[in-house]
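Visitor: Got a structure for you, written out below as structure tokens; questions coming shortly.
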Amino acid sequence: RRAGGSGCEGCVRALEAHAEVWHGWVDAYEQKLLVIPSWSPKWLVILQDRRPNTGPNFMSRGSLHNILKEAQNAVQAQLSSPPPSNLCPSCSTANPIPDFVQRFPCRNCQELLIVPASLQLALYDPGPTGPNAQEVGTAKPTAVVQLPQDPRRIVAKTLEESSWDSAKAALLRGDFDRALQFSAPSSRAHGLSLEIRDDAGSRQRSFAVRFSEASERDRVLQLLQNPVLAARGVVASDVHALMLNPDVLPELPEASAPPAEDVPEWHAAAAPIEQPDLLHEQAMRAMRSLPVGVDSPGYEATGR
């Protein structure tokens, strides 16, 4: 965010275009004068932030640190099981993650492995062109939320539409904050809430936004709920590309023969073949690699 601090809007837009995974207009919940609830238009950008093999470390990163990690990996392989998040998804070989790399090949099967970056959320106030412009006209965000690289510390779920009935139901449940959110009108109907928790499970930070389209809300929810993106570790390159851009599907090979006119009855009634869920498998590995003794809040696809 140094470019934003300098006030260079073009620099900020160029950096975001390189690192963003979603952007668009939302209504963000805020309490004016600490009491009055309201939904204000904001420009939301979700970015790839930093990778776990970069940034400050107790030992200077580089060649010497990589040699130390190689030694640790060899010892762990002999004495105990290596971290599940460092296992190759294709051959289950443990791979110490080199410093400062985005991708590297598995040492056993040469599968291309990606080191996922954590995510960051940035909210901007509308610029001079207003909240309906194609992009925001300001360089400095009003809020920046860095998501932890621990999927158990992120709780994202959908919200009901703002209405007095929803506010009354939340009040009866004893959720005063949620009741205030539902009592304030919003021009956007499809809501999402996000909580960031500490290692003990206590809430550190929370915010709520609403989207114009359900597809926008669902896409952001998919990004926030994906434990593979939030965890330290490695993931197959094709799976990583699919996570960040699910609209890009692999090209199908050309047909070797025209389709049959008469499809056998047994074939038409056959159940589809289930494909292995690579994302779920790698997510479970990432979860098992996290420190023991911390209660996981889990992920909620829907909520009240």
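Going by our numbering, the first residue of the sequence shown is number 96, and it counts up by one from there. All C-beta atoms in this analysis are idealised placements derived from N, C-alpha and C, irrespective of residue type, glycine included. Bear in mind the structure is a predicted one, so any value in this text is a computation, not a measurement.
Report the rounded CA-to-CA distance for S133 versus E125, giving the unit in angstroms.
Guide: 6 Å
Visitor: Measure from the alpha carbon of D294 to the alpha carbon of each residue in R247, E255, A172 and R268, then state which is nearest.
Guide: R247
Visitor: Under DSSP, the beta strand (DSSP E) around G150 begins and ends at which residues?
Guide: No beta strand (DSSP E) holds G150; DSSP gives it neither H nor E.
Visitor: Is the beta carbon of F306 sitting closer than 8 Å to the one on R312?
Guide: Closer than 8 Å, so yes.
Visitor: Assuming N190 and R198 make a contact with CB atoms under 8 Å, what is their CB distance in whole Å?
Guide: About 12 Å; that fails the 8 Å criterion.
Visitor: Please determine, among P223, E111, P136 and P184, the residue with the shortest C-alpha to C-alpha distance to A284.
Guide: P136
Visitor: Taking the alpha helix (DSSP H) that Q317 belongs to, which residues open and close that run?
Guide: A309 to Q320
Visitor: To the nearest angstrom, report how far apart E349 and T253 are at their CA atoms.
Guide: Model confidence at E349 stands at a pLDDT of 45, short of 50, so the residue's coordinates are unreliable; what they give is reported in the following sentence. E349 and T253: Cα-Cα distance of roughly 41 Å.
Visitor: For the alpha helix (DSSP H) that Q229 lies in, which residues bound it at each end?
Guide: No alpha helix (DSSP H) holds Q229; DSSP gives it neither H nor E.
Visitor: Looking only at C-alpha atoms, which of L208, D144, V334 and V231 sits nearest to V240?
Guide: The option with the nearest alpha carbon to V240 is D144.
Visitor: How big is the Cα-Cα spacing for S187 and L208?
Guide: 12 Å
Visitor: Look at V329 and N227 and say whether their C-beta atoms are less than 8 Å apart.
Guide: For V329 and N227, no; Cβs fall outside 8 Å.
Visitor: For Q143, report the span of its alpha helix (DSSP H) as first-last.
Guide: Taken as a continuous stretch (DSSP letters only), Q143 belongs to no alpha helix (DSSP H), being part of the beta strand (DSSP E) at I131 to Q143.
Visitor: State whether the stretch 204-223 contacts the stretch 138-156, with contact taken as three or more CB pairs (one from each stretch) at a distance under 8 Å.
Guide: yes
Visitor: A123: which of S281, N340 and V334 sits nearest, CA to CA?
Guide: S281
Visitor: If we count the other Cβ atoms within 10 Å of its Cβ and call it buried at 16 or more, is C183 buried or exposed?
Guide: Counting Cβ neighbours within 10 Å, C183 comes out buried, since at least 16 surround it.
Visitor: Give the DSSP-derived three-state secondary structure of L163 in the structure shown.
Guide: helix
Visitor: Buried or exposed: where does R292 fall if 16 or more other Cβ atoms within 10 Å of its Cβ makes it buried?
Guide: R292 counts as buried, since at least 16 other C-beta atoms from the protein chains shown sit within 10 angstroms of its C-beta.
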